[in-house]
Structures are given as structure tokens and as C-alpha cells.
Amino acid sequence: MSEVRNLICIGCPIGCDMEVTLEEGKVTEVKGNTCVRGKNYAEKECTNPTRIVTSSVRVQGGEIDSVSVKTQSDIPKNKIMQCIEELKGITVNAPIKAGEVIIRNVADTGVSIISTKTVEIRN
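Be aware that the sequence shown starts at 1, since it is given in full-length UniProt numbering, and climbs by one per residue.
Have a look at this one:
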């Protein structure tokens with residue numbers, strides 16, 4: 001039995017309306033995309049969706065009380081809540097540099113959580 005999903009592509013600024021046909025969990029057809037990025041996005045989104053996760057963690061002794069963090073690359077969508085749970089209660093000590101690893105291998109994904117900005121020590 002086939003399934004049809006409608007997606008709006010986020011692969012480029014055009015935002016194509018796409019229709020994706022799946023047979024037994026496999027993409028058999030993608031319609032509506034104007035570039036190959038659309039086809040690739042549709043296949044990935046329908047078979048193995050992933051996301052970048054953004055959040056913040058507390059900073060002790062910093063010029064500000066928290067620092068924004070994100071996954072270094074996308075992680076499986078079904079691991080998002082586990083990732084957020086691992087971030088709860090995390091406090092880092094200033095100074096923090098942009099790109100510094102906060103958690104390695106978050107939610108057993110092989111992906112690190114990194115800071116997205118620099119936080120200096122409070123004067």
C-alpha cells in the first residue's frame with residue numbers, strides 16, 4: 001500500500017511544494033521539486049528525519065548567566081527529547097569560547113553539543 005506525504009522543501013529559498021510517494025517505507029517518487037536538493041530533502045525527511053537542536057545552559061561566573069548551545073550537526077528526530085533531557089541541569093564555568101564542546105556524544109548520537117558564543121569571566 002502506498003502512502004503520499006506533502007512537504008515544503010527547506011533545501012533552498014524557493015520552498016517547493018512537494019508530493020512524496022512511499023511504498024513500504026521507501027520513497028518511490030518525489031514530485032514538485034525544482035532541484036536535486038529538494039529530492040534529497042524529501043527522501044531524508046520521509047525515511048530518516050533529523051534536526052539541529054538549539055538550547056542554552058547556565059554559566060557560573062560569567063558576564064552573562066547563560067550561553068546558547070546547539071548540536072554540532074543534525075541528530076535523529078527521535079533523539080531530540082533525550083538530548084534536551086541531557087542538557088537540563090548543565091552548568092558550565094566561564095570563560096566559554098564559541099564552538100567549545102559542552103557535551104560529547106549527546107543522546108548516544110555521536111554528535112557534540114557546542115556553545116554558539118563566547119562568555120567572558122565576570123569582572
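Using N, Cα and C, we set each Cβ at its ideal position, and we do this for glycine too.
Check the C-beta distance from residue i over to residue j and give it rounded, since I have them as a contact under 8 Å.
i, j, result
"T71", "I113", "6 Å"
"S68", "K117", "6 Å"
"E19", "N6", "6 Å"
"T91", "R58", "4 Å"
For residue i, which of the options has the nearest alpha-carbon?
i, options, result
"E86", "V111, C16, I64, K97", "V111"
"residue 129", "I14, S66, V4", "Residue 129 lies beyond the stretch modelled for the chain, which goes from 1 to 123, so this question has no answer here."
"I52", "V106, E120, D65, V119", "V106"
"N48", "N78, C83, R37", "N78"
"E43", "A98, I8, D65, I14", "I8"
"C16", "S66, G32, E24, K97", "G32"
"V101", "V119, S115, D65", "S115"
Near residue i, what residues of its chain come up, given a Cβ to Cβ distance below 8 Å and the 5 sequence neighbours on each side ignored?
i, result
"I121", "G61, G62, E63, A94, P95"
Got a sec? Which residues, its chain only, sit under 6 Å from residue i by beta carbon, not counting five neighbours each side?
i, result
"C83", "V53, V106, A107"
"T109", "I75, K79"
Which same chain residues end up closer than 7 Å to residue i when comparing Cβ atoms and leaving out the 5 residues on each side of it in sequence?
i, result
"D74", "T50, R51, I52"
"I80", "R51, V53"
"residue 124", "Residue 124 is absent from the model: the chain starts at 1 and stops at 123."
Does the beta-carbon of residue i have 16 or more other beta-carbons within 10 angstroms, so that it is buried, or is it exposed?
i, result
"I14", "exposed"
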